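These protein sequences, in sequence, are chains F and L. In our numbering, each residue carries its 1-based index in the first sequence increased by 828. In our numbering, each residue carries its 1-based index in the second sequence increased by 20. Read the structure below first, then the notes.
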Amino acid sequence: MMQLFRKQRMWRSHQLKAAYDVVIIGAGVHGLGIAYYLASRHGIRNVAVLDRGYLGCGNSGRNTAIIRSNYRTPEGIPFYEESVQLYRQLSRELDWNLLFSQCGHLTLAHTDSSVAGLRVRAENNQVLGVDSRVIYRDEIRRLVPAMDLSDGPRFPVMAALYHPPGGIIRHDAVVWGYARACDRLGVEVHPYTEVTGVRVARRKAASVITSRGAIAAGTVVNATAGWASMVAKLAGVTLPIVSHPLQACVTEPLKPFLDKVIVSATLHVYVNQTDKGELVIGAEIDPYQSYSLKGTLPTLEQMASYTLELFPQLSGLRVLRQWAGICDMTPDYAPIIGVSREVENYYLDVGWGTYGFKAAPAAAKNTAELIATGKTPKIIQPFSPARFYGGQLVGEKAAAAVSS
Amino acid sequence: MADNSDRFTFQFDGRTIEARSGDTVASALYRAGRRIFTRSFKYHRPRGLLCLAGKCPNCMMNVDGTPNVRACITPAREGMTVRHQNAYPSLENDWLSLVQRFDRLMPVGWYYKTMTHQWSWHAAESYIRQVAGLGVAPQPGGGSKDYEHAWMHAEVAVIGGGPAGLQAAVEMAHDGSPVVLIDDQPELGGHLRYQKRAGAVASALVDQLRATPSAQIISRSYCFGLYEGNLLGVVQANPHGGAIERLIHLRAKRVVIATGAYEVPFTFENNDLPGVMLSTAVQRLIHLHGIKPGERAVVVATGAPPDEVAEDLSQAGVELVSILAPSEVIAATGATHVTGLRTKSGELSCDLLVMCGQRVPDAGLLHQAGGKLVWNQDRGAFLPAELPANVSAVGEVAGAWLARAMPLPPERVSFHKRSFVCFCSDVSTADLRDAMSEGFDHIETLKRYTTLTMGPCQGRMCQLAGIAICAHETGRTMTETGVTTARPPNPSVSLGALAGPRHHPFRRTPMHDAHDQSGAAWMDMGDWKRPRYYKTASCQSEQACVEEEYRAVRERVGIIDVSTLGKLDVKGRDAGKLLDKVYTNRFSDLKPGRVRYSVLCDEAGIMLDDGTISRLADDHYFITTTTGNLDFVQQWLEWWLVGTGWDVHITNVTGGRAAVNLAGPQARDVLHALTACDLSSRAFPYMACREADVAEVPALLLRIGFVGETGWEIHFPAEYGEFLWLKLLEAGKPFDIRPFGVEAQRLLRLEKRHVIVGVDTDALSNPYEAGMAWVAKLEKPDFIGRNALSRQAAAAAEQRLVGFIMNDASLPQDGAAILVGGALAGRVTSARYSPGNGKAVGLAWVSAKSSAAGAEIEIRVNGGTARARIVEEAFYDPAGDRLRM
């Protein structure tokens, strides 16, 4: 509270040192999070976090900030649940309000088969202790009175997976909160420091070449998103990743009328109203691979069209901005966390597809533990890069498609 | 003697307002004496007209139920209902304006620094939400679909109908090239319409353009986006009485951007008071609407423009108190309207403060196009330095006629909590300074932390001032500070216009009406409507109807419309080779006249689709796909065909062919009555196909058995769909034939343990774990997924798709969890009550170690658990004798 009237810099600028114990590429929620947990939990503070742009300029600032743990697989559920729990205490821990609002999350089903799909998730969630259940129109109407629940739409809403602990957070605040905490623990944060190469000798990364000079590194961590496979290539590490844009848009503010996160896989759209009153609308990933951050008109039209299927009264509401993020998709839609096969001190926390933001605290905490102890925590074992060589895919594909 | 013929009225907050033709909502209200038009987002400060050009957030109102409408660019119409927004109880007296007394408790980013306990934020959030937002969302049940989409092509598109745009359009169209000019005003001419000194030039250009046959003018339309490949998003307001807006997708070979420039305010204390206006707004009031904007005016300006403005003011009868440089101004004074000005040389009294502000190029489209904008110190603007091919800029947007109105970055900034930079979110100069001192000193982080440029004006009013202050505080140049990224849509665009008429078509099979007459209860399957079951006089519930349909098929004969199956005709010398490559089963050795089932896997061995493939001739196959996967399968086949040079032609014949499945012990008798084809098992065995006439309709008959009885899938031209359907029903009458729906079909196939790909399998399922090892022919030299499948064939399965039968009378739902020893061990994919077994049966994924035949599992049913036994064989006719009868 007292910080309200104290003007303190969130993080300081530094000259690059000649060497760090750990160099983390990517100053988004994952990279900053790893640095924070390395410093706060394991006492490893000689750490540099590099980014080619400003802090959080990548997917950390482009996602739609939805937090949930109602996944489908026994591997995914506990992992995302840990993330929700970490997020719950993070405002307190960082002394920085992340505006985490556990307003509740509804995944809609418009067909028989999607109702069955939701039921699988509800069942698995319940068995594993996550609050989620299938509800039908009457209860949906009570929770979301503004939504069209009539038989009028082409695909009327039949049921929903209701996940009360799910919600929305202020994504930039997470970046800033981690960055400030890193700075106070002695970690150096270096925005506008682009990594252009990694020098590898005898299967070990020796130094990282940046736009501001070379730095020696004991350990290198790739915590990038969007271009993770290209960054990995700088160290000779090949990743089974293809990158697709995912688009979103935001409208002008309205007085509050929607206090739940609404997701519809059938309609390829998700919608929530921020505390400011804007509607944030997200789409499915674009069907083609691209690194373009420009939005496209057809996708914007689709987001509008499907939003109006749910909320036809909003036809006069105006869209202010559309944008895109680049999603690194793996063959099984699950992330890659662990040491690379090619370079023994090169760690990966990448391949997060459309759900890297909500996973950040759990991913960062466990990756930090892996780096500090050399042992892979059980909860991230399924996401090891080795699974692609043994055919052990995880398979969030079935559940994760649109449900960002 | 006033001519009143152009007068009409509308309602504002319950009062009647008189308007004149040509009025906007704002001009009519201003003439009627209204000065406060809205209240600000955060502090609920009174706000009045500022730009009168739709660029600022100061006049947003509710018009006929639509929130956030800019009153200054909305034409007044007879009978419209206008209401204020974001003020309670009224614009003059807004209780929430109390908030600004506590502004010291709300420095920039205050919400990040307080309420860090989850409970305290949880408690506070709902109150914060209540006071946020602007307009009120319309009630559910409203909304309009009266929006249109249109498509256009042009050689050249010119955006902006001011002098530069007009000139460009005239020149481009000179040689007969098709040119489209987009202008957002009711009349062409741009700023010449209200800056009267050069007015004649515009009308001459307009006349010239109108006389050019190859030029097309689209007025009252704005371009909101310049997308890849010169695709322009253009919104036309009220294209005709039946449409609110029309979105034109305009593809142009060349785009000329002539969007001009707009004026932005100075920053000083209370620069947001009603009565503090931009000079162009004052000129618009005077020249476009014939309104005297005030009584006593002070003009704040540098350089030449004040002469023209002063002349306009005096002609309008406004007393000019003084002309001052911006550096002289300390603060505007007044409670809800400007009453005076505090300057370095003393106090002035006035009711109108005219700011001849910096003109800023309206460069959003240039930025979107990927143009590089570079700071130009003389012009005081970011100007296009590099533009993509086929995009150019002319006029003020390119820097012509622009001059710097003040030093940039400024020598001195008046940092004050009431000196506003961002009018949308009440961000002041002091807020910007505070944010920068906390380390948010890059323009992109400054934007995100303070929300500068993120409001409804999309940064138009605040971006330049924000960059200037950031440069001033950090000691960087304007160039080093840079601009934030501009994204479409710019200007903003309604969801309705983007969505268009929202036709979401559905597909009906040729027998749709016949099903309706038979009492079909419909369900959606992809785009299609399919009968789920048929309501008849003899059954009351879905369950009873389904059971009747089930019994008809098992005991007599049933018929189901399967026209929704995807149908691909594959011809060519190398057709078999392609199918061998893409499907897991082998087709090159299939004999003509035979049918074979297969699945299709991706490179990871995951089953993506299944279907039957019939060989009609050496070079001719017929594929069926599942209803929802047709497009995918066609694309997949074509994808793998690319670059092979093989002779294969794939034709989608789904819409052209209807199909039914006639099944049951008496199916042969029914079909026999309509065809000369020898249907005996010797002549027409199981998994064979024949081309034959049925009721004189040329048809392809496949003897296959998804539901587990003797039966034929009959494919025939769609135009005979209803005819043949009715013929078959008629021929089946002596055998008490029943049409059956998707539900009965699912039950029938479940008893046979036939898997539905996509229902019983998901994005993780390979054929081995699904118990379908036989479908993968690993001895083929290569096919898609072979590598992964070979590995899976050798590896121990992690999970298996098994059949189960309940121990008691309970019926699990599809999706129910399976427990072994209390731990999650799988899930039910399909479960139905099986009349043949007197209990529910089903398919389930179970972890391999718990999946032995005869093993017991627990299934979650109604919150509790019920026990079931794993069964290896089909639940009905395990030997398949009935299929071959």
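Each residue gets a CB set at the ideal place from its N, CA and C atoms; glycine is no exception. The structure presented is a predicted model; accordingly, all values stated were derived computationally and were not measured.
Expressed to the nearest angstrom, what Euclidean distance is found between the alpha-carbon atoms of F824 (chain L) and D780 (chain L)?
C-alpha separation (whole angstroms): 13 Å.
Can a CB atom of chain L be found closer than 8 Å to the CB of Y1006 (chain F)?
Not closer than 8 Å to any Cβ of chain L, the Cβ of Y1006 (chain F) fails to qualify, so no.
Interface residues of chain F around I148 (chain L) at Cβ under 8 Å?
Per Cβ cutoff of 8 Å: D1103.
Taking beta-carbon pairs under 7 Å, can you tell me which members of the stretch 124 to 144 of chain L lie near chain F?
Flagged, chain order: P127, W130, Y131, Y132, K133, T134, M135, T136, H137, Q138 and W141.
Let me check understanding here. Comparing Cα to Cα, which of F:A1187, F:S1035 and F:E1137 lies closest to R982 (chain F)?
Comparing Cα positions, the closest option is F:E1137.
Taking CB distances under 8 Å as the criterion, tell me whether Y882 (chain F) reaches chain L.
For Y882 (chain F), the answer is yes, since a Cβ of chain L falls inside 8 Å of its Cβ.
So, do the stretch 1086 to 1097 of chain F and the stretch 1053 to 1060 of chain F have three or more beta carbon pairs nearer to each other than 8 Å?
With fewer than three CB-CB distances shorter than 8 Å, the stretch 1086 to 1097 of chain F does not count as touching the stretch 1053 to 1060 of chain F.
Just checking: is the beta-carbon of M826 (chain L) within a distance shorter than 8 Å of some beta-carbon in chain F?
Under the Cβ criterion of 8 Å, M826 (chain L) is not counted among the residues facing chain F.
Would you list the one or two residues that DSSP bridges to W395 (chain L)?
W395 (chain L) has L:F402 as its beta-bridge partners, per DSSP.
Report the residues of the stretch 937 to 957 of chain F with a CB closer than 9 Å to any CB of chain L, ordered along the chain.
Answer set for the stretch 937 to 957 of chain F: H938, T939, D940, S941, V943, A944, G945, L946, R947, V948, R949, A950, E951, N952, Q954, V955 and L956.
Drop a sphere of 10 angstroms on the beta-carbon of R1040 (chain F), count the other beta-carbons inside from all chains shown, and report buried for 16 or more, exposed for fewer.
Exposed, because fewer than 16 other Cβ atoms sit within 10 Å of the Cβ of R1040 (chain F).
Please report the straight-line C-alpha distance between D638 (chain L) and F736 (chain L), rounded to a whole angstrom.
Roughly 21 Å separates the two Cα atoms.
Distance, V590 (chain L) Cα to P77 (chain L) Cα
Here the C-alpha atom of P77 (chain L) lies approximately 60 Å from the C-alpha atom of V590 (chain L).
Span of the beta strand (DSSP E) around H1072 (chain F):
Start and end: V1070 to T1079.
If you pair each beta-carbon of the stretch 566 to 581 of chain L with each one of the stretch 798 to 817 of chain L, do three or more pairs fall below 8 Å?
Contact between the stretch 566 to 581 of chain L and the stretch 798 to 817 of chain L is absent, because fewer than three Cβ pairs lie under 8 Å.
Taking 8 Å as the CB-CB cut-off, is V1147 (chain F) touching chain L?
So yes, V1147 (chain F) belongs to the interface.
C-alpha gap between L49 (chain L) and Q31 (chain L), whole angstroms:
Distance from the CA atom of L49 (chain L) to the CA atom of Q31 (chain L), rounded to whole angstroms, is 10 Å.
Roughly how many whole angstroms lie between the Cα atoms of L1240 (chain F) and L305 (chain L)?
Residue 1240 (chain F) is absent from the structure shown; chain F starts at 829 and stops at 1232.
8 Å is my cut-off, CB to CB: does S1212 (chain F) come that close to chain L?
At a cut-off of 8 Å, the C-beta of S1212 (chain F) has no neighbouring C-beta in chain L.
By a C-beta neighbour count over all protein chains shown, 10 Å radius and 16 as the cutoff for buried, is R35 (chain L) buried or exposed?
Exposed.
Assign A22 (chain L) to one of three DSSP states: helix, strand, or coil.
Summary for A22 (chain L): the model assigns pLDDT 48, below 50, so the residue's position carries little reliability; its value from the coordinates is reported in the next sentence. The answer is coil: DSSP assigns A22 (chain L) none of H, G, I, E or B.
In the structure shown, what three-state DSSP assignment does Q1130 (chain F) receive?
Q1130 (chain F) carries a helical assignment under DSSP once its states are collapsed to helix, strand and coil.
So for A330 (chain L), helix, strand or coil by DSSP?
DSSP places A330 (chain L) in helix when its eight states are reduced to three.
Does F435 (chain L) come within less than 8 Å of chain F when only Cβ atoms are used?
Using a CB distance cut-off of 8 Å, F435 (chain L) does not count as an interface residue toward chain F.
Here's the rule: buried if 16 or more other CB atoms are within 10 angstroms of the residue's CB, otherwise exposed. What is E331 (chain L)?
The residue is exposed, with fewer than 16 neighbouring Cβ atoms inside 10 Å.
Going by C-alpha to C-alpha distance, which of F:P1140, F:L1145, F:I905 and F:I1037 sits closest to H991 (chain F)?
Taking the Cα of H991 (chain F) as reference, the smallest distance to any Cα among F:P1140, F:L1145, F:I905 and F:I1037 is reached at F:I905.
Could you name the residues of the same chain whose beta carbon sits closer than 6 Å to that of S897 (chain F), not counting the 5 residues immediately before and after it, in chain order?
Hits under 6 Å: Y908, E909, V912 and V958.
Going by alpha carbons, who is nearest to A174 (chain L) out of L:L452, L:G196 and L:L344?
For A174 (chain L), the nearest C-alpha among the options comes from L:G196.
Using a Cβ-Cβ distance cut-off of 8 Å, determine whether R890 (chain F) contacts chain L.
So, not an interface residue.
May I ask you to verify whether the stretch 612 to 623 of chain L touches the stretch 671 to 682 of chain L, counting CB pairs closer than 8 Å and requiring at least 3?
The count of Cβ pairs closer than 8 Å, one atom from the stretch 612 to 623 of chain L and one from the stretch 671 to 682 of chain L, stays below three, leaving the stretches out of contact.
Less than 8 Å between the C-beta atoms of G1153 (chain F) and L1074 (chain F), yes or no?
For the 8 Å CB-CB criterion, G1153 (chain F) and L1074 (chain F) form a contact.
With DSSP collapsed to three states, give me the class of A796 (chain L).
For A796 (chain L), the three-state secondary structure derived from DSSP is coil.
Would you say A91 (chain L) and A46 (chain L) are within 8 Å of each other, going by their C-beta atoms?
Yes, the pair counts as a contact, with Cβ atoms nearer than the cut-off.
Going by the beta-carbon positions, is the gap between V319 (chain L) and L340 (chain L) smaller than 8 Å?
Going by C-beta atoms, V319 (chain L) is nearer than 8 Å to L340 (chain L).
If you count every other CB in all the chains shown that lies within 10 Å of the CB of T645 (chain L), and 16 or more means buried, which is it?
Buried, by the Cβ-count rule.
Between F:F1216, F:R1215, F:V1099 and F:E1016, which lies nearest to S853 (chain F) when the distance is taken from Cα to Cα?
For clarity, residue 853 (chain F) is Ile in the given sequence; the question names Ser instead. Comparing Cα-Cα distances from I853 (chain F) to each of F:F1216, F:R1215, F:V1099 and F:E1016, the minimum goes to F:E1016.
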